[in-house]
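In what follows, a structure is listed as structure tokens, so that the remarks can point back to it.
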Amino acid sequence: MDAELIEINPLFLTKDGNAIAGDGKLSIDDNSMHRHAAYEKGRSYYGSDMEFEAAKEGIPYLEFDGDISLMRAGAGLANTVYDLVNYEGGTIANYLEFGGPNYMKAGTAMRLCLANKPKVILIVTFGTIARADVMAEGITKAVLELKPSCPIVACLRGTGEERVDEIFAPIGLTRLSDTEEAVKKAVAIASGRENA
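Letter 73 of the sequence shown, counting from 1, is numbered 73 in the UniProt record's numbering, and no numbers are missing.
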């Protein structure tokens, strides 16, 4: 659904039975704008070329000045991971939501993350709709296709997570099961304290 809110309040009824809107509100999800060419925002609206490219794909993406590229899926997870990274002394290069309807866009998501030239990509997911096994398949395909030069730290949890290690085997990626452990590892790699 593209509209987050459609409201007419108050609604007046005249003596002759006609309805008149006293006020109205409409709030559209910015991430749906790519489906509505007439309302599409141009490059000047976005803070960077990558934010514009992500918007065209319908992927929520914000660019920062750090060196840890964050791909995440799961409600409320972004703020938690962002805070944990900062607490551990790391800095985020970008925020990218690849859950919800975007969980099958792992290749596009990884391409956006790699454009920042991060020291490490941190993938953290938790969900039941965005299946962990399907995300793992997309990540594996993206790694095989894009051959990233930076290490990847992955913490995928949710529906189908029991298959993730098997799916990651061809790319040599080990799934971590704890968000804090994944964040600590990513920060250690980015800071040079640990090798991938």
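All C-beta atoms, glycine included, are put in the ideal place defined by N, C-alpha and C. Everything numeric in this text was worked out from a predicted model, so none of it was measured.
The beta carbons of LEU96 and TYR61 sit about 5 Å from each other, so the pair counts as a contact at 8 Å. Counting only the Cα atoms, LEU5 lies some 10 Å from GLY24. Note that the stretch 128-148 touches the stretch 168-175; at least 3 beta-carbon pairs, one per stretch, sit closer than 8 Å. Linking ILE28 to ILE59 through their CA atoms gives a straight-line distance of about 15 Å. In the same chain as ILE139, and ignoring 5 residues on each side of it, the C-beta atoms closer than 6 Å to its own belong to ALA106, in chain order.
Counting the other Cβ atoms within 10 Å of the Cβ of LEU26 gives fewer than 16, which makes it exposed.
In summary, ASN79 is exposed, with fewer than 16 beta-carbon neighbours lying within 10 Å of its beta-carbon over all protein chains present. Membership of TYR61 in the beta strand (DSSP E) is indicated by the continuous run 61-63. Secondary-structure assignment with DSSP links ASN94 through a beta bridge to GLU63 and SER69. Between VAL153 and LYS185, the C-beta gap is smaller than 8 Å, which places the two residues in contact. For the 8 Å CB-CB criterion, THR159 and ARG131 form a contact. Cα atoms of SER32 and GLY42: separation of roughly 14 Å, rounded to the nearest angstrom.
Following the DSSP letters along the chain, one finds THR125 inside the beta strand (DSSP E) bounded by residues 120-127. Per DSSP, reduced to three states, the secondary structure at LEU156 is strand. In this model, GLU57 and THR14 are separated by some 46 Å (Cα to Cα). Counted as a single uninterrupted DSSP element, the beta strand (DSSP E) harbouring GLY24 occupies residues 24-28. Of the candidates THR91, TYR87, GLU88 and LEU176, the residue whose Cα lies closest to the Cα of GLU161 is LEU176.
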